[in-house]
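Each residue of the sequence shown is one higher than the last, beginning at 1 in the UniProt record's numbering.
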Amino acid sequence: MSATRQPRTGEAAVSAVGRGGRSDATRTPVITQSKVTLASVVSRVLAVGNPTGDRPTVLLVHGFTDSADTWREVLRRLGSHGIYAVALDMPQFGHVIRTPPGQLSKLHDAFLSAAISHYDTGCGAVLVGNSLGGWASIRAAADPELPVCAVVAVSPAGLRTRGLVGGLAHRAIPTHLVSRLPWLIPSSSLSQWLWAHIVGALYNVAVRPGPLPPGTLRRYREHVQRGDPRLWLTIGVELIDEVTAPSALPIAELRRPLHLIWGTRDRLVTASGAVTAARSNPTMVTTELLRGIGHCAQLQRPDVVVAAIRNQLTVLADRHVT
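Structural data, given as structure tokens:
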């Protein structure tokens, strides 16, 4: 595991905060951007706030084909409360320098493990993940060697849910046909442009209904256009069985708090996964269903996601005091 240190200080215009992350900030916090090398992957970092050393770092983990940009509204709100938070581009996506095809789940596990260690200021980390990022965050929380304090997972993959991902996992949608799609995509600038707009349209369908922050689709199409559609489709097909395997997420054995946020109109992974998880570990798992919201609550209801993060920080602070 390698980690190249970068400035951790976000230039947020905030004052000192107390337990739970309260602030008297009057200006919109600045989201800083930098680069970091973790587990031999060069990634882009978006950050707000300043590390204080008296509470966990909040690490934000995006999903498949997405980028750290999906957390911008959450970052702004966390920064306004004086909370130190970091969003990273995960391997193969966003502004990351492309890596060779391989087992993406292992690469994400190693990268996230390195990120937790790198950004831990002595109080561990609260992980916040969406979709595949939620899956990776829960896996990290199950590792007793990692200083993970709690997880907030937004529509995480891997909980044997229905929807598009479930259809692929149960072969209702033949994966052998999907696996041939990469080779039908010609390699050219025009095809990259078309690919970005097609995937952008699918992304729009997946995350809606509900409002999206200005610039969301533009930023998504821009980073998709930099990617490799053949590689992404190949990796996506390979991930299906692994992500949906019953043993991939040991929810019943989890000993760290897990709060699930799920939109009732999620088309990719349905909210039935929240019920399954809560039943398997009622002591550690809590759920929150958002009526009329799709797959990316961090975009449509960043206020709810931020409230859940602040609640976890407050609970952890109270436990530390007692």
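Positions of the beta carbon are idealized from the N, C-alpha and C atoms, including for glycine.
Which value, in whole angstroms, describes the spacing of the CA atoms of residue i and residue j?
i: P156; j: V315; result: 22 Å
i: P182; j: V207; result: With a pLDDT of 48 at P182, under the threshold of 50, the predicted position of this residue should be treated as unreliable, and no value is reported.
i: L212; j: G124; result: 31 Å
i: G236; j: N130; result: 16 Å
i: I198; j: L233; result: 13 Å
i: R267; j: H295; result: 7 Å
i: S43; j: M90; result: 7 Å
i: R310; j: Y84; result: 11 Å
i: A278; j: A252; result: 9 Å
i: P214; j: A297; result: 15 Å
i: V224; j: D120; result: 30 Å
i: Q300; j: G94; result: 20 Å
i: N145; j: S34; result: At residue 145 the sequence reads Glu, which differs from the Asn that was named. Their backbone Cα atoms lie some 28 Å apart in a straight line.
i: V30; j: E73; result: 12 Å
i: T32; j: V58; result: 15 Å
Let me check one thing: in DSSP terms, what residues is residue i bridge-paired to?
i: L260; result: A153 and T287
i: V42; result: T37
i: L88; result: V45 and V61
Three-state secondary structure (DSSP) at residue i?
i: R265; result: coil
i: N130; result: strand
i: Q33; result: strand
i: A201; result: helix
i: R76; result: helix
i: T121; result: coil
i: V148; result: strand
i: N311; result: helix
i: H295; result: coil
Within 6 Å: the Cβ of residue i and any heavy atom of the ligand COA?
i: S80; result: The model on display carries no ligand, and the ligand COA is accordingly not part of it.
Open item on the list: With three or more C-beta pairs closer than 8 Å as the rule, is the segment 213–221 touching the segment 63–81?
Closed with: yes
TODO: Flag this pair as touching only if the segment 49–58 and the segment 278–292 have three or more C-beta atom pairs under 8 Å; answer yes or no.
DONE: no
Open item on the list: So, does the segment 251–259 touch the segment 136–153, judging by three or more C-beta pairs under 8 Å?
Closed with: yes
Task: At least 3 beta-carbon pairs within less than 8 Å: the segment 240–247 vs the segment 269–278 - done: no
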